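Student: The following block contains the structure, expressed as structure tokens.
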Amino acid sequence: DAKTTQPPSMDCAEGRAANLPCNHSTISGNEYVYWYRQIHSQGPQYIIHGLKNNETNEMASLIITEDRKSSTLILPHATLRDTAVYYCIVSRRDKLIFGTGTRLQVFP
Amino acid sequence: NAGVTQTPKFQVLKTGQSMTLQCAQDMNHEYMSWYRQDPGMGLRLIHYSVGAGITDQGEVPNGYNVSRSTTEDFPLRLLSAAPSQTSVYFCASGKSLSSYNEQFFGPGTRLTVL
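From first to last, the protein sequence lines stand for chains A and B.
Numbers 16 to 123, taken from the working numbering, label the letters of the first sequence in order.
Numbers 1145 to 1258, taken from the working numbering, label the letters of the second sequence in order.
In structure tokens, the structure reads:
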């Protein structure tokens, strides 16, 4: 499974868009990009996933570059409850290998 | 649906003791897995199962045993607890073999080994 690189921390003002980057330069053709988040010490929560095309759901949007070597998770209107650690994971098999993620702090 | 449930929520063991962490899901998911999370770290995969009777090792399997006799349950056994196994343990379940892999996580078991 390809490895990912994320910034260790980011800040975002409440109500603004939060853009979380992820590099996965060794991704292979059949590997998906997944995003999970972990709020405080709870179990991780699925956010979104994608293969090639950009994806959007009620929580977020996922933008994948054309060469698939990087992606960006977008929370369009961040709230204080979005403060969490966000994990970008690349996998083609059933197992998800977590990195250390990005700690997003949303401030008032 | 209750989703993924884990018991106990908290546990304190002495070095050398054994115990089983319980995990159950009621979503008829074929895939289940166990992770541990040490303070300030990401999750590390211990063991996983793609169906009843089938298990495999993850990143950090040493010191842990698993079995999968039913679709619903996936217990994690610590045979001889060590302080290095102090951690928060998360169980997760997901749909069968597929590239679409949304996993549902339980609330975790916080284990301290003295």
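Beta carbons are placed, not taken as given, at the ideal position from N, Cα and C, and that holds for glycine.
What you are looking at is a predicted structure, and each value in this text was computed from that prediction instead of being measured.
Below 8 Å CB to CB, which residues in the same chain sit around THR1214/B once its five sequence neighbours on both sides are set aside?
Tutor: Result list for THR1214/B: ALA1196, in chain order.
Student: Using the three-state DSSP reduction, which class does GLN1155/B fall into: helix, strand or coil?
Tutor: strand
Student: With DSSP collapsed to three states, give me the class of GLN1181/B.
Tutor: strand
Student: Whose CA, out of SER56/A, ASN38/A and SER43/A, lies closest to the CA of TRP50/A?
Tutor: Among SER56/A, ASN38/A and SER43/A, the Cα nearest to that of TRP50/A is on ASN38/A.
Student: Would you say GLN1229/B lies against chain A (beta-carbon separation less than 9 Å)?
Tutor: no
Student: Give the range of the beta strand (DSSP E) segment to which PRO36/A is assigned.
Tutor: Element bounds for PRO36/A: 33-38.
Student: Would you call GLN1181/B buried or exposed, if buried means 16 or more other Cβ atoms sit within 10 Å of its Cβ?
Tutor: buried
Student: Flag this pair as touching only if the stretch 1217-1231 of chain B and the stretch 1154-1168 of chain B have three or more C-beta atom pairs under 8 Å; answer yes or no.
Tutor: yes
Student: Check the Cβ of THR115/A against every Cβ in chain B and list those closer than 9 Å, keeping chain order.
Tutor: GLY1184, MET1185 and GLY1186
Student: What would DSSP say about GLN1247/B, mapped onto helix, strand or coil?
Tutor: strand
Student: Cutting at 8 Å between CB atoms, please list the residues of its own chain near LEU1258/B, excluding the five before and the five after it.
Tutor: These residues qualify, in order along the chain: VAL1156, LEU1157, LYS1158, THR1159 and PRO1227.
Student: Are the stretch 85-95 of chain A and the stretch 26-36 of chain A touching by the rule of at least three beta carbon pairs closer than 8 Å?
Tutor: Touching, per the Cβ criterion.
Student: Could you say which of LEU66/A, ARG52/A, ILE104/A and LYS18/A lies nearest to LEU119/A if we only look at CA atoms?
Tutor: Closest in alpha carbon position to LEU119/A, among LEU66/A, ARG52/A, ILE104/A and LYS18/A, is ARG52/A.
Student: Span of the beta strand (DSSP E) holding PHE1218/B?
Tutor: Element bounds for PHE1218/B: n/a, residue is neither H nor E.
Student: The stretch 65-85 of chain A: which residues have C-beta closer than 8 Å to a C-beta of chain B, in chain order?
Tutor: LEU66
Student: Once the 5 residues before and after PRO1219/B are set aside, which same chain residues still bring their CB inside 8 Å of it?
Tutor: So the qualifying residues of the chain are THR1164, LEU1165, GLN1166, CYS1167, VAL1210 and SER1211.
Student: Classify ARG31/A as buried or exposed, calling it buried when 16 or more other Cβ atoms lie within 10 Å of its own Cβ.
Tutor: exposed
Student: Specify, as a first and last residue, the run of the beta strand (DSSP E) that GLN1201/B falls within.
Tutor: Note, GLN1201/B: beta strand (DSSP E), 1198-1201.
Student: Can you give me the C-alpha to C-alpha distance between GLY1238/B and HIS1173/B, rounded to a whole angstrom?
Tutor: 5 Å
Student: Beta-carbon of TYR1192/B versus every beta-carbon of chain A: anything under 9 Å?
Tutor: yes
Student: Alpha carbon to alpha carbon, how far is GLN21/A from ASP1170/B?
Tutor: 34 Å
Student: Note down, in chain order, every chain A residue with its Cβ under 9 Å from the Cβ of GLN1166/B.
Tutor: Neighbours of GLN1166/B on chain A: none; closest Cβ ~15 Å, over 9 Å.
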